Amino acid sequence: PSDIDSTPPVTTSYWKHNHPPPLGRRANATILILARNSELAGVISSVKQLEDRWNKNFHYPYVFLNDEPFDANFKRRVKELTDSQVEFGLIPLPDWVQPDWIDESIASKNREHLVKQGVIYGGSVSYRNMCRFNSGFFYRHELLTKYQFYWRVEPDVTYYCDIDYDPFLVMQDQDKLYGFTIALTEWKKTIPTLWKSVKEFTREYPQYVSPHNAVDFISDDGGYSYNTCHFWSNFEIANMDLWRGEAYTKFFDFLDKKGGFYYERWGDAPVHSIAVSLFARRDQIHYFSDIGYKHEYFSNCPQGEQHRRGKCWCDSKSSYQLKNGALQITSCLARYEDLFK
Ligand code: GDP
Ligand code: MN
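All the letters of the sequence shown, read from the start, carry residue numbers 45 to 385 under the UniProt record's numbering.
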């Protein structure tokens, strides 16, 4: 973690000649971006949109994380985009490596098998490192520990609408733990034994399961099997108390020891979604229906009055959440809305 750069942000002419605008009530929150140096163009595109649509009026700070040091050009180009504080951090090696209790001969055979079955990232170890990091480590990084909430942003995403309020304060004031925009199904081939492990965990630690849980979102049969519904984690606005608490800490360690991040290809999205559906109260999950958002293949486009209020430039009718079937992946939004209305 020697790659921390806390130099003040590039100031715009406004800030050079004026004091920063007075800020209203704020949450203890950051925008979090995990990225590689090679993704600079996509990062710039995402950050520019988020600033223009929202953060230029709210000035939340940024934390960038990488398993390699960010280069000078990356830092310079990013800092030009915002008046907010920007910090760049290096991920400690143990948080981004296949653990030594994984049997590499089994792991590599399983990777080959997934590649043959055409599973995206089936053969990639670095993708698995990323999924494991996003499941169990980012919220412990030294640049994150001072914050309670984060908004996860990825390179090359699209924000379609103006956001004229502070989503972090919605989370804080309404006691929400997890906010999403897109909910869909997962490829079963990436998580064949995940649910079995989850059931083992809840049998061993029934005290962590909330009496007001949302298991009906992730299971059609009362918890016997997993329907693969999950919140798409490339967008998350969440309270890290959830990940830092006892239930999730034990849960992550339990899953990590099972080895499924490497023997299979468990994603951080199903892991997060299962955890929040079981350990939180169901009213602590929030659908940001008014945030127009797209990550390759799928989008959330606000409808009706929300579309007008946000001056959105997506077509409401094109919101993937209304359709089904792309890439054998289906929306779980209708199910969510049925259950949570
Ligand atoms: P996808 O959305 O599942 O297709 O996966 P992505 O390639 O978008 O990766 C998810 C997030 O992790 C993005 O923010 C990437 O920039 C980041 N990421 C993925 N692999 C790496 C990696 O090897 N190093 C770093 N630093 N970031 C990565
Ligand atoms: Mn992505």
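Note that CB positions come from ideal geometry on N, CA and C, so glycine has one too.
Quantities reported herein were computed from a predicted structural model and do not represent experimental measurements.
{"Asked": "Rounded to whole angstroms, what's the CA-CA distance from Val169 to Gln328? Just pull it up for me.", "Found": "33 Å"}
{"Asked": "Using a 10 Å radius around the Cβ and a threshold of 16 neighbouring Cβ atoms, would you call Pro138 buried or exposed?", "Found": "exposed"}
{"Asked": "Distance, Cα to Cα, Val320 vs Leu286?", "Found": "8 Å"}
{"Asked": "Taking only runs that begin and end inside the segment 299-341, name each unbroken beta strand (DSSP E) of 3 or more residues, in chain order.", "Found": "329-331, 337-339"}
{"Asked": "Consult DSSP for Cys273 and reduce its assignment to one of helix, strand or coil.", "Found": "strand"}
{"Asked": "Name the DSSP bridge partner or partners of Val130?", "Found": "Tyr106"}
{"Asked": "For the segment 273-291 against the segment 213-228, do three or more pairs of beta-carbon atoms, one drawn from each stretch, fall closer than 8 Å, so that the two count as touching?", "Found": "yes"}
{"Asked": "Can you tell me which of Ile373, Lys338, Phe384 puts its alpha carbon nearest to the alpha carbon of Ser363?", "Found": "Lys338"}
{"Asked": "Counting Cβ pairs closer than 8 Å, one from the segment 293-309 and one from the segment 155-173, do we hit at least three?", "Found": "yes"}
{"Asked": "Specify, as a first and last residue, the run of the alpha helix (DSSP H) that Thr246 falls within.", "Found": "238-248"}
{"Asked": "Does at least one heavy atom of the ligand MN sit under 7 Å from the Cβ of Val198?", "Found": "Residue identity differs from the one stated: residue 198 is Glu in this sequence, not Val. Glu198: yes, Cβ under 7 Å from the ligand MN."}
{"Asked": "Roughly how many angstroms separate the alpha carbons of Gly180 and Val91, rounded to a whole number?", "Found": "25 Å"}
{"Asked": "Measuring only from the beta carbon, is Arg80 closer than 7 Å to any heavy atom that is part of the ligand GDP?", "Found": "yes"}
{"Asked": "Within 7 Å: the Cβ of Asn271 and any heavy atom of the ligand GDP?", "Found": "no"}
{"Asked": "Cα-Cα, which of Tyr341, Arg326, Tyr106, Asp111 is closest to Val141?", "Found": "Asp111"}
{"Asked": "Pull up the CB-CB distance for Ala71 and Phe212, whole angstroms please, since I reckon it's below 8 Å.", "Found": "4 Å"}
{"Asked": "Please classify Ile135 as buried or exposed, where buried requires at least 16 other C-beta atoms within 10 Å of its C-beta.", "Found": "buried"}
{"Asked": "Among Gln350, Ser241, Glu124, Asn344, which residue has its Cα nearest to the Cα of Ala378?", "Found": "Asn344"}
{"Asked": "Which residue or residues does DSSP assign as beta-bridge partners of Arg196?", "Found": "Leu76, Glu280"}
{"Asked": "So, with DSSP's three-state summary, where would you put Asn173?", "Found": "helix"}
{"Asked": "Taking the beta carbon of Thr189 as the centre, do at least 16 other beta carbons fall within 10 Å, making it buried, or is it exposed?", "Found": "exposed"}
{"Asked": "Based on the DSSP secondary-structure assignment, which residues constitute the bridge partners of Phe224?", "Found": "Tyr331"}
{"Asked": "Compare the C-alpha of Asp147 against each of Ser333, Gly304, Ile235 and name the closest.", "Found": "Gly304"}
{"Asked": "Answer with buried or exposed for Lys119, where buried requires no fewer than 16 other C-beta atoms within 10 angstroms of its C-beta.", "Found": "buried"}
{"Asked": "From Asn101 to Glu248, what distance separates their C-alpha atoms?", "Found": "47 Å"}
{"Asked": "Does the Cβ of Asp139 lie closer than 7 Å to at least one heavy atom of the ligand GDP?", "Found": "no"}
{"Asked": "Does the beta carbon of Ser168 come closer than 8 Å to any beta carbon on chain C?", "Found": "The structure shown has no chain C; it contains just one protein chain."}
{"Asked": "Leaving out the 5 sequence neighbours to the left and right, which residues in its chain are closer than 6 Å to Tyr165 when beta-carbon positions are compared?", "Found": "Tyr171"}
{"Asked": "On the DSSP bridge list, what partners appear for Tyr203?", "Found": "Tyr337"}
{"Asked": "So for Val253, helix, strand or coil by DSSP?", "Found": "coil"}
{"Asked": "Please classify Ser89: does DSSP put it in a helix, a strand, or coil?", "Found": "helix"}
{"Asked": "Three-state secondary structure (DSSP) at Asn62?", "Found": "Model confidence at Asn62 stands at a pLDDT of 43, short of 50, so the residue's coordinates are unreliable; what they give is reported in the following sentence. Correct three-state label for Asn62: coil."}
{"Asked": "Tell me, please, whether the segment 181-201 touches the segment 68-83 by the rule of three or more beta-carbon pairs shorter than 8 Å.", "Found": "yes"}
{"Asked": "When the Cα atoms are used, what is the spatial distance from Tyr252 to Leu322?", "Found": "8 Å"}
{"Asked": "Of the residues Met284, Ala291, Asp334, Leu76, which one's Cα is nearest the Cα of Val242?", "Found": "Ala291"}
{"Asked": "Please state if the CB of Thr374 and the CB of Asp229 are separated by a distance shorter than 8 Å.", "Found": "Just to set this straight, residue 229 is Thr in the shown sequence, not Asp. In this structure, Thr374 lies closer than 8 Å to Thr229 by Cβ."}
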